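Only one structure is covered here, and it is reproduced in the block below.
There are 4 protein chains.
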Amino acid sequence: MTKKIAIIGASGYTGAELIRLISTHPGLEIAALAANSKAGMRMAQVFPFLRHLDLPDLVTVDQIDFSQIDLAFCALPHKTSQEVIRELPKSLKIVDLSADFRLRDPEVYKQWYGNDHAAVEMQGEAVYGLTEFYRDEIKSARLVAGTGCNAATGQFTLRPLIEAGVIGLDDIILDMKCAVSGAGRSLKENLLHAELSEGYNAYAVGGKHRHLGEFDQEFSKLAGREVKIQFTPHLLPVNRGILSTGYVSGDAQEVYDTMVAAYAGEPFIQVLPFGEVPSTHDVRGSNFVHIGVTGDRIAGRAIVVTVLDNLCKGSSGQALQNANLMLGLDETAGLMGAALFP
Amino acid sequence: MTKKIAIIGASGYTGAELIRLISTHPGLEIAALAANSKAGMRMAQVFPFLRHLDLPDLVTVDQIDFSQIDLAFCALPHKTSQEVIRELPKSLKIVDLSADFRLRDPEVYKQWYGNDHAAVEMQGEAVYGLTEFYRDEIKSARLVAGTGCNAATGQFTLRPLIEAGVIGLDDIILDMKCAVSGAGRSLKENLLHAELSEGYNAYAVGGKHRHLGEFDQEFSKLAGREVKIQFTPHLLPVNRGILSTGYVSGDAQEVYDTMVAAYAGEPFIQVLPFGEVPSTHDVRGSNFVHIGVTGDRIAGRAIVVTVLDNLCKGSSGQALQNANLMLGLDETAGLMGAALFP
Amino acid sequence: MTKKIAIIGASGYTGAELIRLISTHPGLEIAALAANSKAGMRMAQVFPFLRHLDLPDLVTVDQIDFSQIDLAFCALPHKTSQEVIRELPKSLKIVDLSADFRLRDPEVYKQWYGNDHAAVEMQGEAVYGLTEFYRDEIKSARLVAGTGCNAATGQFTLRPLIEAGVIGLDDIILDMKCAVSGAGRSLKENLLHAELSEGYNAYAVGGKHRHLGEFDQEFSKLAGREVKIQFTPHLLPVNRGILSTGYVSGDAQEVYDTMVAAYAGEPFIQVLPFGEVPSTHDVRGSNFVHIGVTGDRIAGRAIVVTVLDNLCKGSSGQALQNANLMLGLDETAGLMGAALFP
Amino acid sequence: MTKKIAIIGASGYTGAELIRLISTHPGLEIAALAANSKAGMRMAQVFPFLRHLDLPDLVTVDQIDFSQIDLAFCALPHKTSQEVIRELPKSLKIVDLSADFRLRDPEVYKQWYGNDHAAVEMQGEAVYGLTEFYRDEIKSARLVAGTGCNAATGQFTLRPLIEAGVIGLDDIILDMKCAVSGAGRSLKENLLHAELSEGYNAYAVGGKHRHLGEFDQEFSKLAGREVKIQFTPHLLPVNRGILSTGYVSGDAQEVYDTMVAAYAGEPFIQVLPFGEVPSTHDVRGSNFVHIGVTGDRIAGRAIVVTVLDNLCKGSSGQALQNANLMLGLDETAGLMGAALFP
């Protein structure tokens, strides 16, 4: 039987990506779309690429009758998200795509995001949404917190290695390259085509990016001790795709074998043959993750390169994967589309 | 029951696009993939974005047992295509994506393509593959000739108008802007990223582009007299998407009404509200066509802008739409995916 | 002896382009830079690519001592420009890059720009800044109005042909393709990299673009009768470069000969051999214009393709060329740099 | 008095970039242009963006009368370069842009490039062309070997720090992001616009890139011991610009102070204020280098980000800077142009 879903925050990129994915999903029906600032508009006006779909018009959150909804996706900015989710029915299943329920410690949340958390009581209930590692908890969760797109990429690289104890914990570096859609529809000069295309730059250098909060929390928990990595994001002139180049100490073959074992049977994770290197071109628009492990000419060093689509597997695809689990549907439903190439 | 298909010429862009589309098609199974120059390779090596699929390895055409195949897509270059198709079993259903069976008159073929046609006897049997206008013939056809991507775009603009007699026939101009994937994987300096990105140019100016052969044939047939249009293609630094700006004389409102009536009920054709203008951004990766009609400040002039994805609706998507019809499947199967945005 | 110049509106793209060009000009010194909203900032903060230059800090217009200035460039938005220029010393030489003094008839100005002109009395004195056609007037002008970038491109295509009477006047079409920097640093969703790259669209279709005011004024004056052309701009995902595809009726060879004769001796205008087609790649970052003339398979039709860099020859380069003339310097000083390729 | 120069290998990107730079140089005249495969052609045919220049036609190397030449630039592929240079007059000043004379040890050359060196006797005479560090030797050199573009970028990051002994030598990582023009006009599928744009990937991962030969040679010489760094290049969908993210152990403030001191007075090197991060957008088309130093949240770690234009400062600009020195001209002549932005 078809499940009814609502999308709150349907006028941004992650909301649009959810609609794209769900438009060919066999078991979901989009019953409500909310975007307070654009309430009253048709989706064909906001996103003409969805023109062929028979979608409900945009409404405000207050206008949704949640008693008819099986699950709500919340694709709002952080801080707004917690304020909205706090007021939703307590029995409603929710997949939140914001940063608001990723960090378990309210102090850590405040440190990275600057504000007191407005729904502290719900943080205990939230399950961290990195499906491959929290699958069982997600199946029975009411509230799932989608991971950051950089945070997801880095964890696909490092979690199996930290857990297996095959790499050093004090010299990990993730040099990350991120597509611009991760910044959303923000109107900033450096995101204009004229200023972004044909060049690139690092940002938040030196340990300032908020996704470090997730890395610290998850890696320290896995290792049973504090783990702090170096993480440098770079903004690239492409629209979709994150590539993380991970530098670790350890035996490259052991690193490779650990990855192969960890991801055996995972429908969306592809570990490439040893020594091959993935490309973001090959995952654009898809829910797949490609991982390559290479040794270095310097003994005892390995390089792990991981790619995924920040809007899909890094955000809306992951959210749908989690929703499938929460609703008892096939985990891969609506998500098996191949990447767009070229 | 699942139908078995083969793709001949699976190492090019249109072949890869066919696999992408068919990978989520409920009624088709890819039983054979041929590419003579890369026979023996796995598709994951040729197109790593298809790595997650369980596909047959590449073979030569000769190695395919066509008795097990319900329909073959032929995604070869023109001239090669006719030589290969000539040798295939006469009972095999074929969708050809090349230019070889588009032109009914062998003399016209030779004029535009330079060589004598090697399978003249089969030209009579070939049905022109512009689905929306040859649907019934395609359903019962054995051999369907996919249209050129520019030719498709221009015909979506002009066919209903010529047929209805609402525009002048002697001053039609199509100014077309084409994505680079239309040129295929050809290794030419002007197709290198360094030389193509960040700029654009016209080419084949003055009536030299081969797709004019299709325009002449189809428009003259529709009008019952010779129709010759002006057509200028431009090469743009994007990978997918054709935009045709059509300049016609006629009453803009009548032009609009004609388009709305002609495409009513078509699952893939979206005529925008009068005065709105489409964008290639909204059809990238999809099988949809968006058409906008606008009046001009000069009375008696109308502008019709049409966009589609050259690799999908302009080539492989159209081919699959035709194959669905030929095999008695739902015409839209595998083709309802929304565009990728952003 | 070095001339001192000021740039009013130095925090936009055309202001930055002026500084880039003047930075290697042998006869000019940048004595003052104004940008009211960013007064007090260093240029290295606003445009880090100018970091190596020893430039004055940004000030407000009021803070400039114009008695020390030989010529001011005014690179402000239209409407603001007329209000600022009205208050400047009446003896100051000014090159205005906005639309405010391009249209001689205040009624026509109001029709296209929507507001009453605030400096009507100065419009009579303003000289239209298309250097190659108003060179003598510019030499002795106090106030020069830079042309629109599309308007410049179209006039390079059509002025010699209209003046020579070698083309029909009632069926001229300019299909124009424009780089995004022409829209300036405006913060709009459709100018974001994520929404602009990888696609394109027409806009202001049907005779709605403001540069038509210039076309009407200039072409009608040249022809001695009213001339109204069709003009469709398209927004392309590149940063610099306009390409105008002009469709005219007339003898192609005569059209070509007229162009060659008209531009003989012009330092910045390159008429290509007959039948060759120019590319925006070849003029990016330069003050050069490339023009190609081609005949059509339809007798009596010619296609004229013109390319230039909208920020340079279409705006700031043209402005500097005019300033050179107004200051008695070599017209080409600071402007002979070759395009950037690749 | 004007010096006469020749460019051997004038049909590639570095040859074209040399012509672009020299076209506004006050003291150089291009007396001969060679490109064996395109001998007989005009430069306007090979590079239409140079159409406005009065250049000699392309000839073969043999056709050049070197007695009339003061200095030759050799912009050929490696291996070819050594074979050509070996036959040139022994008194001719030469700036080689290839890899052939960068490595002093013929065994190391063979290890990285695979072939025996054909001009071993000239390697002793060649001076390494990183101007800022070999200025005096270059002034009196006859043969200067231009550095690799990645090698230049990495050395601007690390040389002052290794020389001053302020960083650890055993844990240096350079994560480099490179524009595609560095690959030249090679006709390869992965360099096509359709396959390169909208995505990116690492390559030569694990210590396989040839520029490591230069790093090893120069850093070990500076340190007085063997230094081996980790270096991972990434191919980005832009045409110009290298960004190197350097991870080093050391006190960030000391690292910064060392950089400021090392580059004081250098006309082309801009060290940004502490904590600021450079962008390749700001050096595109220019000979400038921007360097940013940042501390990390992990004590004792610093990140140094360096950007330059691979074709200009990383190749042809560096070559011209060296030629200026060798000919007794102003070192900065022809090189002070600001970057192209946007």
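Residue numbers (the UniProt record's numbering), protein chains in the order written: chain Z, 1 to 342; chain Y, 1 to 342; chain A, 1 to 342; chain D, 1 to 342.
A virtual CB, placed ideally from N, CA and C, is assigned to each residue, including glycine.
Computed from a predicted structure; not experimentally measured.
Within the UniProt domain "Semialdehyde dehydrogenase NAD-binding" (4-141) of chain A, the residues whose Cβ lies closer than 8 Å to any Cβ of chain D are, in chain order, Y13, A16, I19, R20, S23, T24, F47, P48, F49, L50, R51, H52 and L53.
Under the 7 Å criterion on CB atoms, A:G224 is classed as non-interfacial with respect to chain D. By the neighbour-count criterion, in which a residue is buried when 16 or more other Cβ atoms sit within 10 angstroms of its Cβ, Z:A264 is exposed. DSSP places A:G250 outside any beta strand (DSSP E), giving it a letter other than H or E. Taking a contact as a CB-CB distance under 8 Å, the pair Y:V120 and Y:P106 counts as one, their CB atoms being some 5 Å apart. Considering only beta carbons, the part of the segment 266-278 of chain D lying closer than 9 Å to chain Z consists of G275, V277 and P278, in chain order. Three or more beta-carbon pairs drawn from the segment 89-97 of chain D and the segment 315-329 of chain D are found closer than 8 Å, and the two stretches are therefore classed as touching.
Its chain contains L103 and H117 as the residues whose beta carbon lies nearer than 7 Å to that of Y:Y109, once the 5 sequence neighbours on both sides are disregarded; these appear in chain order.
For D:G182, not one C-beta of chain A is nearer than 7 Å to its own C-beta. Of the candidates D:E266, D:L329 and D:A339, the residue whose Cα lies closest to the Cα of D:S140 is D:L329.
Looking at the DSSP output, D:I303 shares a beta bridge with D:Y247 and D:T294. For D:C312, there is no enclosing beta strand (DSSP E), as DSSP marks it with neither H nor E.
Linking Z:S220 to D:T280 through their CA atoms gives a straight-line distance of about 35 Å. In this structure, the alpha-carbon of A:G165 lies about 20 Å from that of A:E214.
In the displayed model, D:M1 falls within coil according to three-state DSSP, outside both helix and strand.
About 6 Å separates the CB atoms of Z:F73 and Z:L18; that is less than 8 Å, so the two are in contact.
DSSP places Z:M176 inside the beta strand (DSSP E), whose first and last residues are I173 to C178. By the C-beta criterion, the segment 203-214 of chain Y is judged to be in contact with the segment 231-247 of chain Y, since at least 3 inter-stretch pairs fall below 8 Å. By the Cβ criterion, the segment 281-295 of chain Y is not in contact with the segment 135-151 of chain Y, since fewer than three pairs of Cβ atoms, one from each stretch, lie closer than 8 Å. When the beta-carbon positions are compared, A:N201 and A:M176 stay at least 7 Å from each other. When C-beta distances to chain A are compared with 7 Å, the residues of the segment 173-204 of chain D below that value are S181 and E198, in chain order.
For chain D, the residues of the segment 229-252 of chain Y that bring a beta carbon within less than 7 Å of one of its beta carbons are P237 and N239, in chain order. Counting only unbroken stretches of 3 or more residues, the beta strand (DSSP E) elements lying wholly within the UniProt domain "Semialdehyde dehydrogenase NAD-binding" (4-141) of chain Z are 28-34, 71-74 and 93-96, in sequence order.
Between D:V293 and D:Y256 a beta carbon distance of about 4 Å is seen, short of the 8 Å cut, so the two are scored as contacting. Closest in alpha carbon position to Z:G300, among Z:F268, Z:F133, Z:S249 and Z:P89, is Z:S249.
Short of 8 Å from the beta carbon of A:L58, and not among the five residues preceding or following it, lie these beta carbons of its own chain, in chain order: A10, S11, L33, A34, A35, K38, A39, G40, M41, R42, M43 and V46. At a cut-off of 7 Å between beta carbons, D:R210 makes no contact with chain Z.
Considering only beta carbons, the part of the segment 302-336 of chain Z lying closer than 9 Å to chain D consists of A302, I303, V305 and V307, in chain order.
Taking CB atoms only, A:D296 has a neighbour in chain Y less than 7 Å away.
Within chain Y, the residues placing a beta-carbon under 9 Å from that of A:T280 are E198, G199, Y200 and N201, ordered along the chain. With a cutoff of 7 Å on beta-carbon distance, D:S81 and D:D100 are scored as near each other.
Where Y:H193 is concerned, the enclosing alpha helix (DSSP H) starts and stops at H193 to L196. Around the C-beta of Y:K313, 16 or more other C-beta atoms lie within 10 Å, and the residue is accordingly described as buried. The continuous beta strand (DSSP E) containing D:A145 extends over residues L143 to A145. Rounded to whole angstroms, the separation of the alpha carbons of Y:R185 and D:L187 is 11 Å. Residue state for D:P160 is assigned as helix, using DSSP reduced to three classes.
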